[in-house]
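Here the sequence shown stands for residues 13 to 231, numbered as in our numbering.
Have a look at the structure below, then the notes.
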Amino acid sequence: MMTQVQPKRIYVDVDDVVSMTTITYPGIVQEQFGKVVSFESLTCFDLKTSFDLTENEFHYLFDLIHEPKLLLGFRAMAGAKETLEAWADQGHAIEIVTGRPESAREVTLEWLKKQEIPYDEFIMVDKYKRQGNDLAISKAELAQRPYDLAVEDSGDMAIFLAGQMGVEVALVDQPWNRSCSGHENMVRCMDWQQIRAMAAQAVILPENPSTDINKDETK
Ligand SMILES: [Mg+2]
């Protein structure tokens, strides 16, 4: 007899949640602008502020960090794939929800495939009020979508999800969200092991859906 698990709908962000993205930026900034800024000192989500860049430098960096070759080379966060596979196996629906610009759509899909990240839907959301993102839905449209759990690293998005949308949120700890005020629906998680445990507790996703005792195996 298998344990019945109610299928849940899970929102999963890409950058700095499943993809090790921003960790690559200090090296790029040092190479391009000669500025030495440590990852831990990136306490602001806005890269222009965090790296103390001029408007021109920021636009140059923004284009550079969205180049397909760079995006394709990012490593996956430890435990992300395994956890998402486990959730998919339990019948939960996984939605990859990214705030990347629409120019990054195809390469992001390619990266997810290359990393063998399982998901049911891929949606682009205008999380940061960028212009010319026609493929992206607005935050108001996002709010119409029901989620049981969201995994995010942006403090503002996490508050939006937890507060306005009433979603249980696993906030992936990053230097830029440490000053995030927090919310009763939000749990700060240091890694995917903690995210998995939080989900098991808060959203009732048993970590072991079928126990050995009840396993229906004949061999
Ligand atoms: Mg992110």
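Virtual Cβ for every residue (Gly too), placed ideally from N, Cα, C.
- In the DSSP annotation of this structure, the continuous segment of the alpha helix (DSSP H) that includes VAL41 starts and ends at 37 to 45.
- Under the criterion of beta carbons closer than 8 Å, PHE86 and THR33 qualify as touching, at roughly 6 Å.
- Ranked by Cα distance from LEU59, the options VAL179, PRO38, LEU84, ALA174 are led by PRO38.
- Here the distance from the Cβ of ASP58 to the nearest heavy atom of ligand 1 is not below 6 Å.
- For the set GLN205, PRO19, GLU43, THR110, the Cα lying nearest the Cα of SER31 is the one of THR110.
- Runs of the alpha helix (DSSP H) lying entirely within the region 127 to 190, each at least 4 residues long, are 151 to 154, 167 to 171 in chain order.
- Between TRP188 and LEU73, the beta carbon gap of about 16 Å keeps them out of contact (Cβ cut-off 8 Å).
- DSSP places ALA211 in the helix class (H, G or I) of the three-state scheme.
- At the C-beta level, GLU153 and TYR23 stay beyond 7 Å of one another.
- For THR33, no alpha helix (DSSP H) encloses it, and the DSSP letter there is neither H nor E.
- Inclusion of GLN205 and GLY103 in the CB contact set at 7 Å is not warranted, their separation being larger than that value.
- For ligand 1, residues qualifying as neighbours are ASP25, ASP27, ASP28, VAL29, ASP165, SER166, where qualification means a beta carbon closer than 6 Å to at least one of its heavy atoms (chain order).
- Annotation: the continuous beta strand (DSSP E) that includes ALA105 extends over 105 to 110.
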